[in-house]
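Trainee: In UniProt numbering, the protein residues as written are 1 to 192. Note that beta-carbon positions come from the ideal geometry of N, C-alpha and C, so glycine has one too. Let me begin by handing over the structure; questions about it come next.
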């Protein structure tokens, strides 16, 4: 519900695509003057919205509100399919692709498709050979922070994934899933 005619006019622009407010520094255009002012701060570096818990500062009140949820652990967006909760509508929308199977991001090299852009970015490192995540204990390098995190458990001995059938523990969910197949007589699949 829009509280004023002005708010409604701005909202209608989201449907018409009209963006009458132009940035004088870059080619971006906006549906409202407020959107342009908020964007312009990315050029000036101005961050007038300060977090009261940590030293972070933000260009918009909305960004501060979203950030503050990291301190309160508030997650007001719920998935109706699995009850998982999220701090932003964007994260919920991205999560819903898990249920729909939508894979909108395609690798230009091998045509493999991914549900999230960051998964594609990590995948592309297979083709480039880039391994930006280095182990601080040994010389091993990894394409993703998650792979490094799992590897570090080989040094710490941490095995947070427990089998519910037997007392075995594992460094990763993938290794646990592979192990669980041994209990039901299935062959483990690499994609699991």
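1) For residue 4, which residues of its own chain have a beta-carbon under 8 Å away from its beta-carbon, when the five flanking residues on both sides are left out?
2) Round the Cβ separation of residue 122 and residue 156 to the nearest angstrom and send it over; I've been treating them as touching at under 8 Å.
3) In angstroms with no decimal places, state the Cα-to-Cα distance between residue 110 and residue 118.
4) Buried or exposed: which applies to residue 171, given that a residue is buried once 16 or more other Cβ atoms fall within 10 Å of its Cβ?
5) Would you tell me roughly how many angstroms separate the C-alpha atoms of residue 131 and residue 16, rounded to the nearest one?
6) Decide yes or no for the touch test of the stretch 73 to 87 against the stretch 52 to 61: beta carbon pairs closer than 8 Å, at least 3 of them.
7) Is it true that the CB of residue 161 sits closer than 7 Å to the CB of residue 145?
8) Under 8 Å by Cβ, that's how I've got residue 152 and residue 135 pegged, so tell me the actual separation to the nearest angstrom.
9) Taking just the CA atoms, how far does residue 63 sit from residue 91?
10) Counting C-beta neighbours from all protein chains within 10 Å, is the total for residue 18 16 or more, i.e. buried, or is it exposed?
11) Distance, Cα to Cα, residue 104 vs residue 159?
12) With DSSP collapsed to three states, give me the class of residue 121.
13) What would DSSP say about residue 31, mapped onto helix, strand or coil?
14) Secondary structure at residue 131, three-state DSSP: helix, strand or coil?
15) Give the secondary structure of residue 149 by DSSP, where H, G and I count as helix, E and B as strand, and everything else as coil.
16) Spatial neighbours of residue 39 within its chain, please: CB distance less than 7 Å, with the 5 preceding and 5 following residues excluded, ordered by chain position.
17) Pull up the DSSP beta-bridge partners for residue 113, would you.
18) Mapping DSSP to helix, strand and coil, what is residue 169?
19) With a threshold of 7 Å on Cβ separation, who are the neighbours of residue 107 within its own chain once the five nearest residues in sequence on each side are excluded?
20) In this structure, what does DSSP give as the bridge partners for residue 49?
21) Just how far apart, CA to CA, sit residue 33 and residue 72?
Mentor: Taking the coordinates as given:
1) Taken in chain order, the list of residues that qualify is empty.
2) At roughly 23 Å, the Cβ-Cβ gap does not stay under 8 Å, so residue 122 and residue 156 are not in contact.
3) Cα atoms of residue 110 and residue 118: separation of roughly 17 Å, rounded to the nearest angstrom.
4) Classified as buried, residue 171 has 16 or more neighbouring CB atoms from the shown chains inside 10 Å of its CB.
5) Cα to Cα, the separation comes out at about 44 Å.
6) Result no; under three Cβ-Cβ pairs closer than 8 Å.
7) No, the pair does not count as a contact, with Cβ atoms beyond the cut-off.
8) Confirmed, Cβ separation roughly 7 Å.
9) Looking at the backbone, the Cα of residue 91 and that of residue 63 are separated by about 14 Å.
10) Classification of residue 18: exposed, given that the 10 Å Cβ count is below 16.
11) C-alpha separation (whole angstroms): 34 Å.
12) Looking at residue 121 - three-state DSSP - the assignment turns out to be helix.
13) Residue 31 sits in coil when the DSSP states are folded into three classes, being neither helix nor strand.
14) The three-state secondary structure of residue 131, taken from DSSP, is coil.
15) Residue 149 falls in the helix class under three-state DSSP.
16) Around residue 39: 23, 28 and 30.
17) DSSP lists 106 as partners of residue 113.
18) Reduced to three states, the DSSP call for residue 169 is strand.
19) Excluding residues within five positions, the ones whose Cβ falls inside 7 Å are 120, 123 and 124.
20) Looking at the DSSP assignment, residue 49 forms a beta bridge with 58.
21) Residue 33 and residue 72 have their alpha carbons spaced roughly 31 Å apart.
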